[in-house]
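K.L.:
Pasting a structure below so you can have a look.
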């Protein structure tokens with residue numbers, strides 16, 4: 002959770018490392034560089050999270066309103082929806098040509114998310130997934146319900162995960178089953 006300016010700088014720097022940007026990201030946005038667009042979304046998310054956690058003064062509330070509006074516009078244009086204060090640092094959005102919805106209880110650090118991924122709740126907002134560190138959610142995968150996904154897990158393309166997944170596993174299928182356990 003981003004509470005201080007140092008936390009904000011750390012989160013943004015760790016997120017930026019995951020994109021290997023050869024050019025400044027602001028220039029990349031204007032020339033259509035996809036990793037720059039993805040980093041722009043994640044950066045807007047981090048600034049919004051910082052504002053949510055530090056909006057006690059009148060200036061903080063004004064900043065929160067501005068950053069909330071900016072984040073929502075960027076997400077609307079790109080088809081991405083990520084719940085604030087739920088995702089750890091080092092988030093990488095791999096493809097932006099499809100909708101990405103992340104509505105989890107908590108997602109760990111250094112996770113990768115591709116296009117078409119939905120992490121959703123089942124029946125109520127209390128039934129949301131908890132995802133570990135270094136998890137790869139590949140194209141079109143779905144994670145539904147109150148489940149736990151362990152660390153170092155890869156979810157295969159177009160899989161539907163409805164049960165808990167142990168750490169160091171590769172899962173795939175509808176419903177997802179363990180294909181292989183990594184060493």
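In our numbering, the protein residues as written are 2 to 184. C-beta: ideal position from N, C-alpha, C; glycine also. In this text, all values refer to a predicted model and were calculated from it rather than measured experimentally.
(1) On a Cα-Cα basis, can you pick out the residue from 120, 103, 51, 128 that is closest to residue 11?
(2) Among 156, 152, 33, whose alpha-carbon lies nearest the alpha-carbon of residue 167?
(3) Going by alpha carbons, who is nearest to residue 13 out of 143, 47, 180, 4?
(4) Helix, strand or coil for residue 3, going by three-state DSSP, please let me know.
(5) Relative to the C-alpha of residue 132, which candidate in 124, 125, 143 has its C-alpha closest?
(6) Can you list, in chain order, the residues of its chain whose CB lies under 6 Å from that of residue 137, leaving out five sequence neighbours each side?
(7) Sort 84, 97, 118, 124 by Cα distance to residue 106 and report the nearest one.
(8) From residue 179 to residue 5, what does the alpha carbon distance come to, in whole angstroms?
(9) If I follow the unbroken beta strand (DSSP E) through residue 263, where does it start and stop?
(10) Do residue 97 and residue 38 have their beta-carbon atoms positioned less than 7 Å apart in this structure?
(11) Can you tell me whether DSSP reads residue 84 as helix, strand or coil?
(12) May I have the straight-line CA-CA distance separating residue 9 from residue 35, to the nearest angstrom?
(13) What separation, rounded to the nearest whole angstrom, lies between the Cα atoms of residue 135 and residue 159?
(14) Pick helix, strand or coil for residue 131, following the three-state DSSP scheme.
(15) Going by DSSP, what residue range makes up the alpha helix (DSSP H) through residue 121?
(16) Can you give the Cα-Cα distance for residue 174 and residue 32, rounded to whole angstroms?
P.N.:
This is what the structure gives:
(1) Translated into positions along the chain shown, residue 11 becomes position 10. It is 51.
(2) Here residue 167 refers to the residue found at position 166 when the chain shown is read from its first residue. In terms of Cα proximity to residue 167, the closest of 156, 152, 33 is 152.
(3) Along the chain shown, one-based indexing puts residue 13 at 12. Of the listed residues, the one whose Cα sits closest to residue 13 is 47.
(4) Here the question's residue 3 lines up with position 2 in the chain shown. Coil, per DSSP.
(5) As a position in the chain shown, residue 132 is number 131, starting the count at 1. Here the closest residue by C-alpha is 143.
(6) For this step, residue 137 is matched to residue 136 along the chain shown. If we look at residue 137 and ignore the five residues flanking it on each side, its Cβ neighbours are 113, 155.
(7) In the chain shown, counting from the first residue as 1, residue 106 sits at position 105. Distance from the Cα of residue 106 is smallest, within the candidate group 84, 97, 118, 124, for 84.
(8) Numbered from its first residue, the chain shown carries residue 179 at position 178. Numbered from its first residue, the chain shown carries residue 5 at position 4. Answer to the nearest angstrom: the Cα atoms are 40 Å apart.
(9) The structure shown does not extend to residue 263, since the chain spans only 2 to 184, so no value can be given for it.
(10) Sequence index remark: in the chain shown, residue 38 carries index 37 (1-based). Sequence index remark: in the chain shown, residue 97 carries index 96 (1-based). In this structure, residue 38 sits near residue 97, with a CB-CB distance shorter than 7 Å.
(11) Locating residue 84 in the chain shown gives position 83, where the first residue counts as 1. Residue 84 carries a coil assignment under DSSP once its states are collapsed to helix, strand and coil.
(12) Within the chain shown, the letter at position 8 stands for residue 9. Within the chain shown, the letter at position 34 stands for residue 35. Rounded to whole angstroms, the gap between the alpha carbons of residue 9 and residue 35 is 23 Å.
(13) Residue 135 sits at position 134 when you count from the first residue of the chain shown. Residue 159 sits at position 158 when you count from the first residue of the chain shown. Each residue's alpha carbon lies about 19 Å from the other.
(14) In the chain shown, residue 131 corresponds to position 130, counting from 1. Here residue 131 sits in strand by DSSP.
(15) In the chain shown, the residue the question calls residue 121 occupies position 120. Run containing residue 121: none in the alpha helix (DSSP H); it sits in the beta strand (DSSP E), 119-121.
(16) One-based indexing of the chain shown puts residue 174 at position 173. One-based indexing of the chain shown puts residue 32 at position 31. Distance between the alpha carbons of residue 174 and residue 32 is about 38 Å.
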